[in-house]
Structures are given as C-alpha cells and as structure tokens.
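K.L.:
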Amino acid sequence: MRESIGKQTGLIFFPAFDWAISPTHPEREERLLYTRDQIFEEGIMDLPQISEYAPVLATAHDIARTHFCVPRVEDQTTEAHLIAAGAAILLADEIASGRLKNGFALVRPPGHHSMRVVRGNRGFCNINNEAIMVDYLRRHHGIKRVAIVDTDVHHGDGTQDIFWHDPDVLFISFHQDGRTLYPGTGFTNEAGGPKAYARTINIPLPPGTTDESLMYVVDNLILPVLNDFKPEFIVNSAGQDNHYTDPLGSMKITAQGYARLTEKLRPDLAVLEGGYAIETALPYVNMGIILALAGLDYTYVREPDLRPFKESPDLASDVRWTVDKLMRQWEKRDLVVPNPEHVKGNYYQQVKSIYYDTDGINENQLEKLRLCGNCPGYLTIDTKATHGYGRTGGRALCVSIPFTACSSCRAEAEDLYEQSKKIKEYQHVYLQDKPSDIFLSYDSASGQERRSEG
Amino acid sequence: MYVGVDVGGTFTDAVLLSNGVIRATAKMPTKADLLESILEALDVVLKDVNIRELKRIVFSTTVITNLIAGQKHDKVALLLIPGPGLSHKHYDFKAEVCVLSGAIDYRGREIVPLNEKEIEEALSGLAAKGFKKVGVVGKFSPRNSAHEKRVAAIIKEKYPDWQAELGFRAGPQLNFPRRAVTTCLTCATRGPYRIFVNSVRQALAKREITAEVFILKADGGTLPLGNSVEQPVETIFSGPAASTLGVQALTPPDVTEVAVDIGGTTTDIALILNGQPLLSAKGARVDEQLTQVRALAVKSVPVGGDSVLELSGNEIVFRPERLGPAYCMGGPAPTPTDALRVLGLTALGDEDKAREAMEDLGAPLGMSAGEAAGKVMSLVVNSITEEVKKMFLEWEQEPAYRIWELLQKKKVRPSIVAGVGGGADGFISQIASELGCQPVIPPYAPVANAIGAAVARPTLQVSLRADTEQGYYNIREEGFQGKIDRQSFNERKALELARERLLGKAAGYGLDVALDDIEVTYQEVFNMIRGWDTAGRLYDLTVQTPRGIAGRIEIGGK
Ligand SMILES: [Zn+2]
Ligand SMILES: [Zn+2]
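Line by line, the protein sequences give chains X and F.
Residues in the first sequence are numbered from 0 upward in steps of one, following numbering that gives the first Met the number 0.
Residues in the second sequence are numbered from 0 upward in steps of one, following numbering that gives the first Met the number 0.
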C-alpha cells in the first residue's frame, strides 16, 4: 500500500451532460444530474481532503493496448468514451506517482461489460475503462499485481473476459445471481483460465441481499483473498445498482452499505459503473463513496426513505455457503490442472458466443492460449460476427502477447500474425504486442497495415 | 463624461474620462474620514468641469474587505438547516452556529420538517448571548426557501429588532458551505456598507452631482449604488478587478495578456484571455473561506519593490514584510528597488546607497553589487513568472462537465505583459521576456484602477429554474415564483421569460439594455425520470447584461 498520510482524494466528475446512447436509454445524459446537485451543494469539491481534476482524452493507442476494436478503435469509440477512459488513466497516473491518496472517476459511459474484442455496445458499454487503465499502469508505472473488485449488481463479464488468463490480475465480482439478471453469467465455477485459476472469483448473491450479508462476504472472502494476493493497486468497479431502489437490480444495499464497503476495500481508484436510480440512490451512494475514500465521516449520509431491511435466514446461509465454497476454491488455486477436454496439443482452447444487446450483434469466438512453461502464454481469438439485421461484421484474427511473455511465445505470436495476413478468410488481423507497446492492424481488403506506437 | 474613483486602503485615486480621453487624474492618501478623501479626489478631477455633463461615476472600494479582514464588525450567528449528508463536524464557519432540524432535497422537496420548538430555543439561546444578527441557511434552499422563510418569520415575530439574512438570497448557487459564509458576511457588512454608501451620497450631494452612480463588483461588473446595499459582499475585492479592467482599457482589444500590478510588498496577477478577464473558478476567498461571490481570478505573490532581502544560508531570500522604503531612499534594509537602481532600471533613490545595499547583501556570497542585483532581479522575475504559468495551467485544468466544453479548451498563451503599480517599471520587460511576451507599461499606469472603475460597464443577471412536472418557475435572485403551462413550456419560452425578467430588472435599475446584448451564461435542460418514464423537464438558465468595459482609452496623446 502506498503512503497516504496528508494526501488528497482525487475526483473527476464528468457527467457528460451532452451524451446519451439514445434519448430513452437508461444510460443517458441526466444520469448524474442529481449526483451533481448533491456533490455541489455539499461543497465536496471545496474540502481540503478533495482535489478535483478535469479529465483528458485517452488515446487510440491506450485503447489498442487492451482491446481489439473491429475494424478500428475510431469506429467503436466516441469522445465520451475516450474521456471516461482518460479520466480513469489520469487519476491512476496521479495515484501511482504518489501525488494522490486515492481517487474516484465519476464518469460515464460505463465499461465493465466490454470484452477484449469490441464489435459494438454491450450492456451500455463500448470500452472497458478499468481494464484500459490497468494496462496503462502496467505499461507506464511497472505495476505488476492488480486487483479489480467489481461491486456492480451486474456481473462484470467484460473485465472477466479481458483478465481471464492473467495470473497477475485478480478479478473479484459480486453481483445478483446470473439466473435472475443480465448478463446471465458470473457463477462460482467461472474461475479463470488454466494459468490463472481462481484469479477470477465470482460471488453470485441472491436477490434481496442486504448490507449484513454483503459485509459477511467482504470480511470473510474478499478481504482475506486480497490479503493473500497482495496487489500493488486495487481498483473498484463501483457500480451502484445494488442499491435497494435500483430499477434494474433487486438487491437491498444502502448508501451506508456502499460507504462501509469502500472503507473496508480501501481501493486506490474507484471507477463508476452502473446505477440507474438517478434520484433515489446515486446522489447518496456517490456521497458515501467519496466521503469514505477521503476518510471523512459518512454516517450522516442517509436516503430520505431509508428503512431497516431484514434478510431471511435462508438467504444468509446461502451466502455463507457460497463464501465457503469460493474460499476453498481460492485455497486450491495452484493445484488445479487444465481440463483435458480443452487441451489440444500445446494449446488450451475454448469456443465462446457473445451477444451485443444494444447493437444486436452475435459474435462467435475461438480462443486459443499457448500453454507455456515459462510465461502465461500468448492468446489468439478467431472472431466472426453477424449483425441482427444480416450484415456481417467480418472475420478477424486477434493475437495478444502478454506483458510477461517469454521470447519463444513472442516469436511464435509474431510469426502467426504474419502468416495470418495471407489467409483470405480474415478481413482483419491484429497483433497486440504489449511488451514492446506496438499494436498492428492489417486490413486485407486494402492490404494496408496500421501501426500504433506509444 | 465618466468618473472612476478607487478608494483603497492607502490611496484614493480618481480619473475623469471624456470620449475615451483622460482629462484629469488625482491620487490622495486615504484618510480615516472616507467622505473627506472622496471629496478631495472628486474636487481635483472635477475642477473646471460642468457637473451637468457628468454621466456616470463608478466607485471601487476595499473598505468592505478591510472591514472583514480587521474583524471590525458585529458578531453574527448562523442558524443552519443542513439535514443529512456531510457530517456537521466538517463545517467550520468562524461564527456561532446552531444546527436546526429540517431538510430539503435537490428537487426542492421537504424531506424532514422544521421543529418550531427547537427554533425558539435556539433563538432564546442566541438572545441570551447577545446576538442580534443572524444568518439562516438551509441546504438546497435555492430550490425551496420555505424553511429559511419560516425561521425568518419566527425571528421577526419574537425579536423584531434583529437583522436576519436568508441563504437563498445571499448565496443562490448550489454550495451550502459557501452559502453559509456568504450569508454570514452579508449579515456582518450590510450595516457598515450602508454607512459607506451614505458617505458617498453625501459627498455627491454636497457637490450637487446628479450623475448615475455605480459600484464595481469583484467580477468586473457593476451595480447601481442604491441597489448595491442588497448584496454588499459583491463589492469585496473590487480593487483587483478595477486595475484589471484598467489594463483592458489601456491595451489593444482581444489580446491574451497578463496584468501585473507590482506594489510595495505584493504583486497581483490577473489574466485577460482573448480580451476577457478570467473569472475565478471557485469564487472569492474571504478570510480563508470560499464564498459564492463571483470574482476575477487574481493571484497575489508576496513580493514587491519594498520587500526585505536577506540571506538564508547561501541563498538570497525575501521576507514578506515591509520594514520601510528601499535602502537607496533612506530605508533600513536592501530591497528589490535597490537592485533596480544598481542595474540602471530606475532613477529612484540614491545610486551609491543602492550599490552599498547590494554590496552588503552579496559580500558573504562573494558577489559584487552588480551580481547581487542581477540575482535579486531573477528571483523577483521567477517568482512572478512561475505564478503566471501556474495560473494558465490551473485554467486549463479547470473542471468541465460537458464534452464540448472539454474539447473547446485550447491552450492559449499570452502575447503581452502589462505592468501597472509603483514597482512595475523596472521588472516588466524581464518578466515579459521570460514569458516570451511583449512588455507594455501603459500611460496612466499608476491610476489604472480608477480608469478601470470609470470604464466598467453596468451588469445585471437573472437565473431561472422551471420545472414542468411541478408547473412553476422561479427567479433565484428575487425569490419570485410563477406558474407555467406544463404542456407548451419549452426551452425557447424559458429563455424568453428569463430575458423579459432581466429587461424588467434593468429598467428598474435605470439601465438601457438591448435584447440582443443579453448573454446566456448558463443553460441546462434535463428530463426528469420516474421509473423509466420522463415525467417532466427541468430548465436551468442564467442570463446577464454584458460584462466588460464601455470603451478604450486613447493612448496616442501622452
Ligand atoms: Zn450494472
Ligand atoms: Zn511463453
């Protein structure tokens, strides 16, 4: 943990009042209106413990470090997306350099449903703000071990996908049980790839879970795991739709619950995700999170209609059972061998099918990881997509070399990229070379290659 | 003809302006009797003038600032209605504080009612302690002032001789702590400010002056003298605004420039971006506390021509106080003015004495008088240019909340450094060259503040919030509420309504404003959501008559 005495909490408040997915979409311009009113009226930005920053735009290069945007970064992002990701990067930069104690990027649009390959908008997200920021930190600050704790009511399936094979990024998501809510994933057996087993921890919670059981999860699972993993940097994907008034979720978490959660997690950086009770939850939950980050008394933050919530003994024992199971899974993390069904020679492979709800796109992926004794192995994704209205998104091959790749994996990946450029079926071929921070994209129709260098 | 008068702590300056030409100037020491100082200055500039031709007099003053800084005012108690949110222990208002029950939310809905018994107890407690001035301030009171008004009504009934100021009037913007500070200052200064206004009125009546009279605000706008008693705190810190407007009037239009006012022990720096003085993002700071008073972004650096120089180890450093004049002018210690004299950049004072001061300062470091003077020069220049760079950086990093605001923020750099104030002459060319700018010392620089007052344009503003779900609109500055038609109300109608109110207000102030000149400084429209449906719209806008200067000064004639 960084030395934090006397340092401020950095805030970027960027409501993007001039951006919406569509006029009636929940992810629209007034989402942070009352939060703005509450924060400004309370004078939060004037407190000596708080420092407000203006966001900057992330670059296409920053995004290409994390995502494969098909066909190009420019086609999948608007200025609003670049600002949200840029805000997370700016605060992370200040925190990692020791100028801030911690920070909160109160930005929209959100990002935790965005996966490694981006073909459109999924669950209100285009690009994954936290993942882009984490990869930036690893590149520019040499940070190796990162933990991301996703506290949105929806499973952070995008972040899970991006760090699935990464043993150095611990991804923990608690959320309303996927049998009852979008995106329908996030079960306990989704635990990470063969080289990163149990570094993905999914904690499905029953609808109606209150602050009480949530604190049980934090104290008995999340904190002990963080303590074992010893991350250099903790990110909180701070979705607020677990609130008892949220129109999408069915949980019973209060602003006090969110504040206590923040106080216990002690994240270096929190990044806003979902939360659509724009009047009844967001102004209070955001206040609670900010005050908790800044080490200020948050006990006066209270929703006007707050009442005590009781959960059933069944629900509580259900949560305890899940926590026990996941704790045992975590303890066995280094003893698990890859499922032989998925092993083909030197490669671990799996087929995935991804649906982009906002844009009506179906994507099929074949993901292959090289099983290497010296590094986490390079990854390829063979992707093909169909739009709901018939237009094809084109087939593409994406090759990603991880930061800690060995020289043999790097050479093989580079060779594969060159060979694939000659294969007619691929309309686009990408190489994401993280160790050298060079990202190539080849367009077969024009025969042109684009190169992005930091 | 226009007259500008700047009543400062040390000097009272005045200028007479006619068709863009300075006709007369005056500089008098400010006396304890303000009336006397004002009359003397007016007499100098109005000599040989037909008083009927005088169209406008604008005053700028630091008397209110000095009053606050010196704590020379009656004790004020604050009755706060903060409700839930930030813990009350984080408030530090430097006043007696009573916290009352009650709460209003961001939409102006009552979420916790007042407790009348508790209010009465708080009031009798204050009465027992001898308080007669109270500020009543509620969180979100600009959205619904019912709680503040009810408390005020109880005060009026029980303690009719008390002075009560309400937060929604004194601090109508969203920021509860700044509203509390602003209300407290309003309460403290209203009485003494009225006395100042009366001295001005008497001074003018004695000279049979019937011209329109205005007072400069901290943001460079003005208020008619009579109406200024409603918002006395708006006039605090109008001194820096006066000299900034003066620089604006004395330099070419539409340039980006730095106005540097070098005084005895402090240097004030202001930025003029593309011809417009930059406003402070956070409002004026009084006695270390932020207020809701709009003010120009002026930074003070504790260095000036009379700052004391001394050695700290192997370094030459400043002390932020004044021990007397420069050594070369009979003072006790070496100062930057002595350095200027040695370098031949000023003709003030005795050269031999200046050389002696620099020799003494530099000797322990093995420096000659010339070397020490050069070192002092670069110290002064650096401390000022560093602050200028910081101000530009801070401006670039000011928060923005909309995509277009963020994208339009282009990097700008100044082309001119304009120096005013007594110490400017010797330092400005060095400061300018360090910043890659052209140095300008305008003529009449010593009375630039009075010129700024003379050219300041009258300004007024109106803020409207309309809520189509609830079917009403209100005008923040006036606490006025009116009905709107839920169906047909739209953004155009909101703007028309605001403009109409502003024109009406301007007419009431005797100001002639053209409809086209009204600026929209703030405009927001939001859908209000109930569940998934849009239940109504919220319109929030602010319009104002244009700020700025009424004309430039012709410089050719000097
Ligand atoms: Zn969500
Ligand atoms: Zn390898």
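Using N, Cα and C, we set each Cβ at its ideal position, and we do this for glycine too.
How close, in whole Å, do the beta carbons of Lys-194(X) and His-164(X) come, if the pair is a contact with beta carbons under 8 Å?
P.N.:
6 Å
K.L.:
Mind checking which residues open and close the beta strand (DSSP E) that includes Arg-450(X)?
P.N.:
447–452
K.L.:
Please name the residue, chosen from Glu-119(F), Ile-427(F), Thr-60(F), Lys-352(F), that lies closest to Ser-198(F) on a Cα-to-Cα basis.
P.N.:
Thr-60(F)
K.L.:
Could you name the residues whose beta carbon sits closer than 6 Å to any heavy atom belonging to ligand 1, keeping them in chain order?
P.N.:
Asp-151(X), Val-152(X), His-153(X), Gly-238(X), Asp-240(X), Glu-272(X), Gly-273(X)
K.L.:
On the CB-based measure, 16 or more other CB atoms within 10 Å of its CB, does Val-341(F) come out buried or exposed?
P.N.:
buried
K.L.:
What residues from the stretch 157–174 of chain F come within 9 Å of chain X, judged by C-beta to C-beta, listed N to C?
P.N.:
Gln-172, Leu-173, Asn-174
K.L.:
Taking buried to mean at least 16 other C-beta atoms within 10 Å of its own C-beta, is Phe-67(X) buried or exposed?
P.N.:
buried
K.L.:
For ligand 2, is there a heavy atom less than 7 Å away from the beta-carbon of Gly-192(X)?
P.N.:
no
K.L.:
Within the same chain, show all residues whose beta-carbon is closer than 7 Å to that of Ala-465(F), passing over the 5 residues directly before and after it, in chain order.
P.N.:
Tyr-472, Ile-483, Phe-488, Ala-493, Tyr-538
K.L.:
Hey, quick one: how far does the alpha helix (DSSP H) through Pro-223(X) stretch, first residue to last?
P.N.:
Pro-223(X) -> alpha helix (DSSP H) spans 222–228.
K.L.:
State the Cα-Cα distance for the pair Asn-18(F) and Lys-216(F), rounded to the nearest angstrom.
P.N.:
Cα-Cα distance, rounded: 24 Å.
K.L.:
Is the beta carbon of Ala-258(X) sitting closer than 8 Å to the one on Leu-46(X)?
P.N.:
no
K.L.:
When you compare the CB of Ala-549(F) with every CB in chain X, is at least one pair closer than 8 Å?
P.N.:
Output row for Ala-549(F): interface = no.
K.L.:
How would you list, in chain order, the residues of chain X whose beta-carbon sits under 7 Å from the beta-carbon of Lys-564(F)?
P.N.:
One cannot answer for residue 564(F) here, as it falls past the ends of chain F, which runs 0 to 557.
K.L.:
Measure the alpha-carbon distance for Asp-218(X) versus Ser-451(X) and round it to whole angstroms.
P.N.:
44 Å
K.L.:
Short of 6 Å in beta carbon distance, which residues of its chain neighbour Ser-445(X), apart from the five on each side in sequence? Order them along the chain.
P.N.:
none
K.L.:
By the DSSP assignment, the beta strand (DSSP E) with Val-379(F) in it spans what residues?
P.N.:
In this chain, Val-379(F) is not harboured by any beta strand (DSSP E); it is covered by the alpha helix (DSSP H) spanning 368–395.
K.L.:
So what does DSSP say about Ile-437(X), is it helix, strand or coil?
P.N.:
strand
K.L.:
Among the residues of its own chain, which have a CB less than 6 Å from the CB of Met-44(X), if the five just before and after it don't count?
P.N.:
Glu-51
K.L.:
On the premise that Leu-77(F) lies in contact with Ala-179(F), defined as a C-beta separation below 8 Å, what is that separation, rounded to the nearest angstrom?
P.N.:
6 Å
K.L.:
What residues in the stretch 54–79 of chain X bring their beta carbon closer than 9 Å to a beta carbon of chain F?
P.N.:
Pro-54, Val-55, Leu-56, Thr-77, Glu-78, Ala-79
K.L.:
With respect to the alpha helix (DSSP H) encompassing Tyr-215(X), which residues constitute its N-terminal and C-terminal limits?
P.N.:
210–216
K.L.:
If you run the structure through DSSP and keep just helix, strand and coil, what is Gln-364(X)?
P.N.:
When secondary structure is reduced to three states using DSSP, Gln-364(X) falls in the strand class.
K.L.:
Exposed or buried, Ala-534(F), counting other C-beta atoms within 10 Å across all chains shown (16 or more means buried)?
P.N.:
exposed
K.L.:
Helix, strand or coil for Asn-219(X), going by three-state DSSP, please let me know.
P.N.:
The answer is helix: DSSP assigns Asn-219(X) an H, G or I state.
K.L.:
Given a cut-off of 8 Å, decide if Val-416(F) and Ile-259(F) are closer than it, judged by their beta-carbon atoms.
P.N.:
The residue you asked about is not Ile; residue 259(F) is Val in the sequence shown. Going by C-beta atoms, Val-259(F) is nearer than 8 Å to Val-416(F).
K.L.:
Nearest chain F C-beta to Ser-435(X) closer than 8 Å, yes or no?
P.N.:
no
K.L.:
Taking the CB atoms as reference points, tell me whether Ala-296(F) and Leu-277(F) lie closer together than 8 Å.
P.N.:
yes
K.L.:
For Lys-504(F), count neighbouring C-beta atoms within 10 Å of its own C-beta (all shown protein chains included) and say buried if the count is 16 or more, exposed if not.
P.N.:
buried
K.L.:
Taking a contact to mean a Cβ-Cβ separation below 8 Å, would you say Tyr-355(X) touches Ala-412(X) in this structure?
P.N.:
Their beta carbons are not under 8 Å apart, which means Tyr-355(X) does not touch Ala-412(X) by this criterion.
K.L.:
Listing by chain order, which chain X residues have their CB less than 7 Å from the CB of Gly-84(F)?
P.N.:
Glu-41, Met-286, Tyr-299, Val-300
K.L.:
Nearest chain X C-beta to Trp-403(F) closer than 8 Å, yes or no?
P.N.:
yes
K.L.:
Kindly provide the ranges of any alpha helix (DSSP H) runs that are 4 or more residues long and lie completely inside the stretch 141–183 of chain X, ordered along the chain.
P.N.:
List check, alpha helix (DSSP H) in window: 156–162.
K.L.:
For Val-375(F), I'd like the list of residues in its chain whose CB is within less than 7 Å of its CB, leaving aside the five on either flank, ordered along the chain.
P.N.:
Leu-308, Ile-315, Pro-335, Ala-338
K.L.:
Could you check whether the Cβ of Gly-344(X) sits closer than 7 Å to any heavy atom belonging to ligand 2?
P.N.:
no
K.L.:
Could you tell me which of Ala-315(X), Thr-8(X), Met-250(X), Leu-213(X) sits nearest to Gln-175(X), measuring between CA atoms?
P.N.:
Met-250(X)
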